[in-house]
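Asks: Using my numbering, read the sequence shown as starting at 2 and increasing by one per residue.
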Amino acid sequence: MSQEVTFESLNLSEPTLHALEAMGFTAPTPIQARTIPLVADGYDIIAKAPTGTGKTCAFGIPLIECLNPDMKDLQAIVLCPTRELCEQITTDLRALIRFNPAIRIASVYGGANMQRQVEALKKHPHIVVATPGRLLDHMSRGNIWLGNLYTAVLDEADEMLKMGFIKDVRRILNATPGDTQVVMFSATLSREVMDVAWEYQHDAIEVQVAAEGDNRPHINQYIIPSSGSQRMEDMLDIIREEDYRRVMVFANMKCTVKQLTERLQKRHGSVDCLHGDMPQSLRNKVMAKFRENKLEILVATDVAARGIDVEDVEAVFNYDIPDENEYYLHRIGRTGRAKRTGSAYTFMTDSDKFRLRDILKYTRSDATTMIFDENRHLIPAADAKKDEKEE
Ligand code: ADP
Ligand code: MG
Numbered sequence: 002m003s004q005e006v007t008f009e010s011l012n013l014s015e016p017t018l019h020a021l022e023a024m025g026f027t028a029p030t031p032i033q034a035r036t037i038p039l040v041a042d043g044y045d046i047i048a049k050a051p052t053g054t055g056k057t058c059a060f061g062i063p064l065i066e067c068l069n070p071d072m073k074d075l076q077a078i079v080l081c082p083t084r085e086l087c088e089q090i091t092t093d094l095r096a097l098i099r100f101n102p103a104i105r106i107a108s109v110y111g112g113a114n115m116q117r118q119v120e121a122l123k124k125h126p127h128i129v130v131a132t133p134g135r136l137l138d139h140m141s142r143g144n145i146w147l148g149n150l151y152t153a154v155l156d157e158a159d160e161m162l163k164m165g166f167i168k169d170v171r172r173i174l175n176a177t178p179g180d181t182q183v184v185m186f187s188a189t190l191s192r193e194v195m196d197v198a199w200e201y202q203h204d205a206i207e208v209q210v211a212a213e214g215d216n217r218p219h220i221n222q223y224i225i226p227s228s229g230s231q232r233m234e235d236m237l238d239i240i241r242e243e244d245y246r247r248v249m250v251f252a253n254m255k256c257t258v259k260q261l262t263e264r265l266q267k268r269h270g271s272v273d274c275l276h277g278d279m280p281q282s283l284r285n286k287v288m289a290k291f292r293e294n295k296l297e298i299l300v301a302t303d304v305a306a307r308g309i310d311v312e313d314v315e316a317v318f319n320y321d322i323p324d325e326n327e328y329y330l331h332r333i334g335r336t337g338r339a340k341r342t343g344s345a346y347t348f349m350t351d352s353d354k355f356r357l358r359d360i361l362k363y364t365r366s367d368a369t370t371m372i373f374d375e376n377r378h379l380i381p382a383a384d385a386k387k388d389e390k391e392e
């Protein structure tokens with residue numbers, strides 16, 4: 002059914018249709034087809050759809066369509082967990098209002114120049130995209146007022162309702178009018194999310210697009226038994242063999258990211274990193290370089306695992322296995338986006354075996370264990386075993 006839904010059939014305005022055309026989008030994705038009408042009709046929703054299936058526009062389009070540009074009030078906020086994602090969502094929303102110059106969007110996030118954000122807020126934006134800490138900061142200084150808000154969006158909702166953010170998010174939502182529409186999107190949702198959601202939403206509609214058929218990200222997943230510094234050698238061999246020009250490498254700890262980046266830089270020309278200890282200006286520079294195809298390997302902590310959409314990331318490497326199950330999906334979901342195909346490689350030490358099995362089971366992922374043959378080509382471990390038996 003959703004195959005036949007067109008942007009026109011969703012009753013979108015001319016400027017938005019025009020913008021979508023300019024963005025090269027020919028038809029709504031399934032999550033967009035299902036949620037655009039609901040959000041536009043004012044329903045509270047909890048939406049779950051796989052990575053890379055267009056959730057930003059699924060909330061962005063109805064937000065923009067329902068705005069009243071003639072009013073000066075702040076009408077919608079979008080909360081997200083990282084500064085990079087905040088920038089990206091803002092860019093995506095700006096693309097949608099390209100032919101709608103009356104709409105104003107501002108983005109506020111930590112680590113960036115406060116005064117510039119104050120100036121932007123003084124211009125009465127209709128939509129503010131924000132990380133929670135900085136938004137609260139502006140609220141407490143009286144730079145922003147949520148008293149006339151219509152809609153609050155939580156992107157990466159499960160992350161926003163976890164320990165690290167929940168207190169801030171509660172304070173923000175508590176400052177909005179009681180009848181504010183609360184809209185939540187993520188690729189993963191937990192029981193805890195539903196519990197908190199229940200407090201802030203009224204008769205919320207759950208929308209789920211299953212990771213099946215066309216909606217399943219095309220990510221070939223591999224497990225490589227390897228440990229210690231051998232992992233870097235293996236990774237470089239795979240990158241060389243497959244001629245990858247754009248990969249992301251994830252590690253759990255900042256210190257691992259830093260060390261690995263330094264070691265990689267000595268072996269491969271184009272490597273840089275992203276982690277929470279870096280000044281924001283540098284983080285922005287690295288992200289820009291990666292987006293502009295001027296960086297082949299980006300090594301990052303999970304700060305880059307959620308939501309980041311860089312076209313044509315060919316492969317993701319899990320240098321170590323993620324601390325939390327759902328992070329596996331978010332990390333590998335940086336590739337295989339918008340119907341493209343990607344690959345994900347996870348290094349597994351002996352002691353990771355059971356943890357990784359758990360992660361794969363929990364995330365319903367299918368991964369093939371691969372080993373290197375004598376010519377340093379990757380082959381399925383199962384084939385190697387078969388050969389051994391035949392010999
Ligand atoms: P998600 O939030 O679900 O992970 P994004 O919103 O980041 O996904 O979108 C993933 C990619 O798909 C982006 O590059 C976006 O431009 C593209 N995209 C979104 N909607 C459409 C569409 N209707 N048609 C084609 N591409 C789309
Ligand atoms: Mg997203």
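All C-beta atoms in this analysis are idealised placements derived from N, C-alpha and C, irrespective of residue type, glycine included.
All values reported here derive from a predicted model rather than from experimental measurement.
Return the chain-ordered list of same chain residues with a C-beta closer than 6 Å to the C-beta of S3, the five sequence neighbours on each side being excluded.
Replies: For S3, the predicted structure reports a pLDDT of 44, less than 50, and the residue's modelled location is therefore unreliable. A value from the coordinates is still provided. Excluding positions up to five away in sequence, the list reads P31 and A34.
Asks: Our contact map puts D156 next to I90 with C-beta atoms below 8 Å; I'd like the distance itself, whole angstroms only.
Replies: At roughly 7 Å, the Cβ-Cβ gap stays under 8 Å, so D156 and I90 are in contact.
Asks: Cβ of T57 within 8 Å of any heavy atom in the ligand MG?
Replies: Within the cutoff, so yes.
Asks: Using the rule of at least 16 other Cβ atoms within 10 Å of the residue's Cβ for burial, across every protein chain shown, is R358 buried or exposed?
Replies: So R358 ends up on the exposed side.
Asks: Let me make sure I understand the geometry here. Which of I225, D71, H276 and I309 has the alpha-carbon closest to that of A382?
Replies: When each option's Cα is compared against that of A382, the closest is I225.
Asks: According to DSSP, is S3 part of a helix, a strand, or is it coil?
Replies: Note that S3 scores 44 on pLDDT, short of 50, meaning its location in the model is unreliable; the coordinates nonetheless yield the value given after this. DSSP places S3 in helix when its eight states are reduced to three.
Asks: What residue from F291, H331 and K295 has the CA that sits closest to G308's CA?
Replies: With distances taken between Cα atoms, G308 lies closest to H331.
Asks: Going by other Cβ atoms of all chains shown within 10 Å of its Cβ, with 16 needed for buried, is D384 buried or exposed?
Replies: Its Cβ having fewer than 16 others within 10 Å, D384 is exposed.
Asks: Alpha carbon to alpha carbon, how far is I37 from P63? Give it in angstroms, no decimals.
Replies: Whole-angstrom Cα-Cα distance: 5 Å.
Asks: Give a single yes or no on whether E312 has its beta carbon closer than 8 Å to a heavy atom of the ligand ADP.
Replies: Yes, Cβ of E312 sits closer than 8 Å to a heavy atom of the ligand ADP.
Asks: Please state whether the Cβ-Cβ distance between V272 and V300 is less than 9 Å.
Replies: In contact: V272 and V300 (Cβ atoms closer than 9 Å).
Asks: Spatial neighbours of V314 within its chain, please: CB distance less than 8 Å, with the 5 preceding and 5 following residues excluded, ordered by chain position.
Replies: Cβ within range, chain order: R247, V248, M249, R335, T336, R338 and G343.
Asks: Please specify which runs of the beta strand (DSSP E), each continuous and at least 3 residues long, are wholly inside the region 187-228, giving them in chain order.
Replies: Counting only runs of 3 or more, we get 206-209 and 219-226.
Asks: For E325, which of I65, I360 and T350 has the nearest alpha-carbon?
Replies: Checking every option, the nearest Cα to that of E325 belongs to I360.
Asks: Quick one: Cα of S141 to Cα of A153, how far?
Replies: So the alpha carbons of these two residues sit roughly 18 Å apart.
Asks: For G214, count the other beta carbons within 10 Å of its own beta carbon; 16 or more makes it buried, fewer makes it exposed. Which is it?
Replies: When all chains shown are included, G214 counts as exposed.
Asks: Taking the C-alpha atoms as reference points, what is the distance between V119 and N144?
Replies: Straight-line Cα distance between these residues: approximately 7 Å.
Asks: In whole angstroms, what is the alpha-carbon distance linking L190 and D169?
Replies: If you take the alpha carbons of L190 and D169, they lie about 19 Å apart.
Asks: Does the beta-carbon of K267 have 16 or more other beta-carbons within 10 angstroms, so that it is buried, or is it exposed?
Replies: When all chains shown are included, K267 counts as exposed.
Asks: To the nearest angstrom, how far is the alpha carbon of L379 from that of Q231?
Replies: Approximately 15 Å between the Cα atoms of the pair.
Asks: So C274 is in the alpha helix (DSSP H); what residue range does that whole segment cover?
Replies: Unbroken run through C274 is the beta strand (DSSP E), V272 to L275; no alpha helix (DSSP H).
Asks: Within 10 Å of its beta-carbon, does K49 have 16 or more other beta-carbons around it, so buried, or fewer, so exposed?
Replies: Buried, by the Cβ-count rule.
Asks: Three-state secondary structure (DSSP) at F291?
Replies: It is helical.
Asks: Quick check: L261 and Y223, are their CB atoms within less than 9 Å of each other?
Replies: Contact flag unset, no.
Asks: Does the structure place the region 124-134 close enough to the region 71-90 that three or more beta carbon pairs sit under 8 Å?
Replies: Short answer: they touch.
Asks: Alpha carbon to alpha carbon, what distance is there between C81 and E200?
Replies: So the alpha carbons of these two residues sit roughly 19 Å apart.
Asks: Name the DSSP beta bridge partners of N385, please?
Replies: Note on residue identity: the sequence assigns Ala, not Asn, to residue 385. Partner(s): none; A385 has no beta bridge.
Asks: Would you decide whether N218 is buried or exposed? Buried here means 16 or more other CB atoms lie within 10 Å of its CB.
Replies: Sequence check: residue 218 is Pro here, not Asn. Classification of P218: buried, given that the 10 Å Cβ count is 16 or more.
Asks: Nearest to A211 by alpha carbon, out of M161, T52 and T257?
Replies: Nearest option by C-alpha distance: T52.
Asks: Out of R292, M349, K286 and E193, which has the shortest C-alpha to C-alpha gap to A252?
Replies: It is M349.
Asks: For a test of your reading of the model: does the CB of E327 fall under 8 Å from any non-hydrogen atom of the ligand MG? Yes or no.
Replies: Checking the Cβ of E327 against the ligand MG gives no.
Asks: How would you label D159, buried or exposed, when you count the other beta carbons within 10 angstroms and need 16 or more for buried?
Replies: It is buried - the Cβ of D159 has at least 16 other Cβ atoms within 10 Å.
Asks: What number of angstroms, rounded off, separates the C-alpha of V287 from the C-alpha of M279?
Replies: Cα to Cα, the separation comes out at about 10 Å.
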